[in-house]
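In the working numbering, the protein residues as written are 88 to 638. All residues carry an ideal CB built from backbone N, CA and C; glycine is no exception.
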């Protein structure tokens, strides 16, 4: 089969004016021929009959589950059966694009286009976020250099600079070296742009005014009396708003079959809350009958945060949760070697089903309406597919084969029809925990109910920080757990949780502007590094100035 970029280049795209006209948009800004920025006014009026569909997945594996590809294929399939549908996705980070994981524009014949631009600079939103974060850092360091009016303790600065690349050398740095006029010397750190609170604030804001209020409340440091110092305290709010003005507008593109797609915001789900912007989702709900969105990594991370953070803060209620899985991935979770994963093995599949089973059980804690999408590979046998359907059927959940990677929207028609049917039933949506619970109670609820841990262990640092945050009045915020995506536990090497384990919370930080607390487990890094065999080594321009080697 052709590569993703070869397929993408063969698609004759519609002018974005045509896509806007089909959606009834009149207030938008065209960027080239195939991209547009949508005015924020369209996020304010939800269609009365619009349905919100969450696409999530089992825990990811090196062979991939195809969650984004399924999202795109499902939106195209809904249009094929006569429904008005739109795909709403996160923007890809250049870190994974040049690293190992790759882009986030779908694959095969279910892609959003132009995929090369989307996977790289796109409309410049991430550059704006990067600039805004670093602007605050510059103003903060200048505040200290110019007399430190707010009595900031340089040892307790929590604001970090950022760049949207994997660069391990920036994890721990020293700034202010040189002459006295070169600033105050101190240790500092860089985060990847998608891990910053500015990204979370962009994705949870509901208007420019709300965005400015959230920015104003972001904590940059603590003073010598243990009081938080905010972006507003150092007079940086207005400048940030100016830098971010255009980035707040959702981006409109199209799929390989010209279905509209909104792509906006892109926090990772292992180190942030993992969802596209509220503005993008609400814009979709104002334009189409079916809005197909997603949350990063497996349901233990992205879906939990989508429900408990994004839906709670944004007033959303999903109608259906679609869990994407593959036979290959379930055999992998049972311990089958990657080299042999294409061989039929019903025993490994039945054992690995436990991963999917847990995700189904978990999603039932948020709502009744669940569908399983089987991302079909050529190596899947009839016996394996029949067994997987039998196992899901015993749980009272329908599993549907999909081939959207190879067949586009046509490969998702059966899933789309099943989705329409299940949307007729009430989802009875609910949250996992109450905000009035203590910080530890919320962490323990997530750990036991979603990660299936036997208990939670707190380091002395985490214990001290939790008490301090509760004393400062941040007790009633939702929890965003930073955790490995490769296992339900905080250990990436655990495939099936057949033994008791505990979750260890090593630190906790407040994102006062975004409105949630981040609890850190394991060795989660907010600045990844490049692998030995990075994608960056094969990406290039050919003799026609066309991008090659991009997936």
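Proximity winner among the options, relative to residue i (alpha-carbon distances)
i, options, result
"residue 199", "178, 185, 113, 219", "178"
"residue 528", "554, 487, 503, 172", "554"
"residue 562", "183, 472, 524", "524"
"residue 521", "546, 366, 92, 564", "564"
"residue 414", "630, 435, 538, 300", "435"
"residue 486", "493, 447, 512, 453", "447"
"residue 398", "364, 341, 542", "364"
"residue 271", "109, 539, 228, 624", "228"
"residue 496", "139, 162, 254", "162"
"residue 181", "566, 281, 379", "281"
"residue 155", "385, 116, 111, 419", "385"
"residue 213", "99, 330, 196, 266", "330"
"residue 216", "589, 470, 393, 326", "326"
"residue 441", "138, 94, 146", "146"
"residue 600", "508, 298, 268", "298"
"residue 390", "454, 137, 470", "454"
"residue 345", "503, 136, 572, 164", "164"
C-beta contact flag for residue i and residue j at 7 Å
i, j, result
"residue 336", "residue 125", "yes"
"residue 406", "residue 514", "yes"
"residue 283", "residue 304", "no"
"residue 586", "residue 577", "no"
"residue 315", "residue 306", "yes"
"residue 167", "residue 605", "no"
"residue 489", "residue 460", "yes"
"residue 589", "residue 542", "yes"
"residue 411", "residue 225", "no"
"residue 372", "residue 133", "yes"
"residue 175", "residue 356", "no"
"residue 375", "residue 205", "no"
Residue i classed as buried or exposed, judged by whether at least 16 other C-beta atoms fall within 10 angstroms
i, result
"residue 388", "buried"
"residue 511", "exposed"
"residue 208", "exposed"
"residue 568", "buried"
"residue 113", "exposed"
"residue 261", "exposed"
"residue 466", "exposed"
"residue 308", "buried"
"residue 194", "buried"
"residue 243", "exposed"
"residue 183", "buried"
"residue 381", "buried"
"residue 238", "exposed"
"residue 108", "exposed"
"residue 602", "buried"
"residue 264", "exposed"
"residue 618", "exposed"
"residue 508", "exposed"
"residue 608", "buried"
"residue 236", "exposed"
"residue 370", "buried"
"residue 689", "The chain is shown only over 88 to 638; residue 689 falls outside these bounds and no answer can be derived."
"residue 625", "exposed"
Where residue i falls: helix, strand or coil (DSSP)
i, result
"residue 238", "coil"
"residue 339", "strand"
"residue 302", "helix"
"residue 178", "coil"
"residue 210", "coil"
"residue 450", "helix"
"residue 598", "strand"
"residue 192", "coil"
"residue 567", "strand"
"residue 172", "strand"
"residue 245", "coil"
"residue 408", "strand"
"residue 310", "strand"
"residue 107", "helix"
"residue 479", "helix"
"residue 442", "helix"
"residue 130", "helix"
"residue 92", "helix"
"residue 504", "helix"
"residue 232", "helix"
"residue 647", "Nothing about residue 647 can be reported from this structure: the residues present for the chain run from 88 to 638 only."
"residue 347", "strand"
Heavy atom of the ligand NAP within 6 Å of residue i beta-carbon
i, result
"residue 262", "For the structure depicted, the ligand NAP is absent and the ligand set is empty, with no information on it obtainable."
Ranges of the beta strand (DSSP E) found wholly within the stretch 365 to 404, counting only runs of at least 3: Qualifying beta strand (DSSP E) stretches, in chain order: 377 to 381.
Entirely within the stretch 247 to 293 and at least 4 residues each: give me those alpha helix (DSSP H) ranges in chain order. Whole alpha helix (DSSP H) segments, 4+ residues: 284 to 291.
Which parts of the stretch 586 to 638 are runs of the beta strand (DSSP E), unbroken and 3 residues or longer, counting only runs that do not cross its ends? Entirely contained in the stretch 586 to 638, the beta strand (DSSP E) runs reaching 3 residues are, in chain order, 589 to 598, 603 to 608.
Which residue spans inside the stretch 516 to 549 form an unbroken alpha helix (DSSP H) run of at least 4? Runs of the alpha helix (DSSP H) inside the stretch 516 to 549: 526 to 536.
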